[in-house]
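Going by UniProt numbering, the sequence shown opens with residue 1, and the numbers climb by one from there. Worksheet: one structure, shown below.
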Amino acid sequence: AAFLDPLGNAAHTALSFDLVGEDVLITGAGPIGIMATAIARHVGARHVVVTDVNDYRLDLARTLGATAAINTREESLPGILRKLGLTEGFDVGLEMSGHAEAIRLLLPSMRNGGSLALLGISSGSIEVDWNTIIFRGLNLKGIYGREIFETWYKVAAMLESGLKVDAVLTHSFPASDYEKAFEVMRTGQSGKVILDWNADACSGTTQPRG
Numbered sequence: 001a002a003f004l005d006p007l008g009n010a011a012h013t014a015l016s017f018d019l020v021g022e023d024v025l026i027t028g029a030g031p032i033g034i035m036a037t038a039i040a041r042h043v044g045a046r047h048v049v050v051t052d053v054n055d056y057r058l059d060l061a062r063t064l065g066a067t068a069a070i071n072t073r074e075e076s077l078p079g080i081l082r083k084l085g086l087t088e089g090f091d092v093g094l095e096m097s098g099h100a101e102a103i104r105l106l107l108p109s110m111r112n113g114g115s116l117a118l119l120g121i122s123s124g125s126i127e128v129d130w131n132t133i134i135f136r137g138l139n140l141k142g143i144y145g146r147e148i149f150e151t152w153y154k155v156a157a158m159l160e161s162g163l164k165v166d167a168v169l170t171h172s173f174p175a176s177d178y179e180k181a182f183e184v185m186r187t188g189q190s191g192k193v194i195l196d197w198n199a200d201a202c203s204g205t206t207q208p209r210g
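What follows is the structure, given as structure tokens:
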């Protein structure tokens, strides 16, 4: 149940466009971005590249099936495009971060006629290179929440057919340890952190990954 809200967001975003055989770029390796990685691979994307600046979460993205997970402070997207032989760019982009720098890197990495689904929410205004969007003929779609009830039907079908997202859950705490849970979240060294309202007698635990 703790997965349904973020997994619904991930599914709504990732399934906005046909991903079968496509090359996908996901900007932002938070829990929703990592879940979107697993969904993209599950439904048949060819390459799934994830970007972030948090190595812990990039490692989680690799666990969930990312072809490449790159720290943009250390590696460049053009370099990854060359390495994968994607001379025209990515077919589909999923923007999950809401960060201006991620969007700045995303737009020129798309092929002509590529499609972008945008879920990440910014804390302020972001300057956008409209010329790149116009001259590359990019398709943009804003995503908000889930589609009731269509998203839940799709999520259930994917889980029944083998979609695995358990590795995104890295920490579980009794509800009474909420301060410790938020402390772990603030470090950035976590995936999805949940509060267990039925385990107040237990101490916080880190779930095994994989």
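The C-beta atom is built at its ideal place from N, Cα and C for all residues, glycine as well.
In the DSSP assignment, no residue is bridged to Val168. If you ignore the 5 residues before and after Asn54, its C-beta comes within less than 7 Å of the C-beta of Ala29 and Gly188, all in its own chain and listed in chain order. By DSSP's assignment, Ser115 forms a beta bridge with Val92 and Asn139. Taken atom to atom, the span from the alpha-carbon of Leu64 to that of Asn198 is near 28 Å. Taking the Cα positions, Thr27 is about 15 Å away from Ala11.
In this structure, the straight-line span from the alpha carbon of Leu118 to that of Ala14 is close to 10 Å. Taking C-beta atoms under 8 Å as the contact rule, Leu116 and Lys141 qualify, at a distance of about 7 Å. Distance between Leu81 and Ala69, taken at the CA atoms: about 12 Å. Counting the other CB atoms within 10 Å of its CB gives Val128 a total below 16, which places it among the exposed residues. Under the three-state reduction of DSSP, Ala68 is assigned to strand.
For Thr87, there is no enclosing beta strand (DSSP E), as DSSP marks it with neither H nor E.
Residue nearest to Ala181 within the set Leu58, Ser122, Leu195 and Gly191 is Leu195 (criterion: CA-CA distance).
A distance below 8 Å separates the beta carbons of Gly191 and Pro31. Inter-residue distance for Leu84 and Trp152 is about 34 Å (C-alpha atoms, whole angstroms).
Between Leu77 and Ser97, the C-beta spacing is not below 8 Å. In this structure, the straight-line span from the alpha carbon of Ser122 to that of Phe3 is close to 23 Å.
Spanning the alpha carbons of Val20 and Gly44 requires a straight line of approximately 4 Å. In this chain, the alpha helix (DSSP H) harbouring Asp5 covers Leu4 to Ala14.
By the Cβ-count criterion, Ser161 is exposed, with fewer than 16 other Cβ atoms from all chains shown falling within 10 Å of its own Cβ. Shown here, Phe17 sits in coil according to DSSP, grouped into three states, outside any helix or strand.
Per DSSP, His47 is one residue of the beta strand (DSSP E) stretching across His47 to Asp52.
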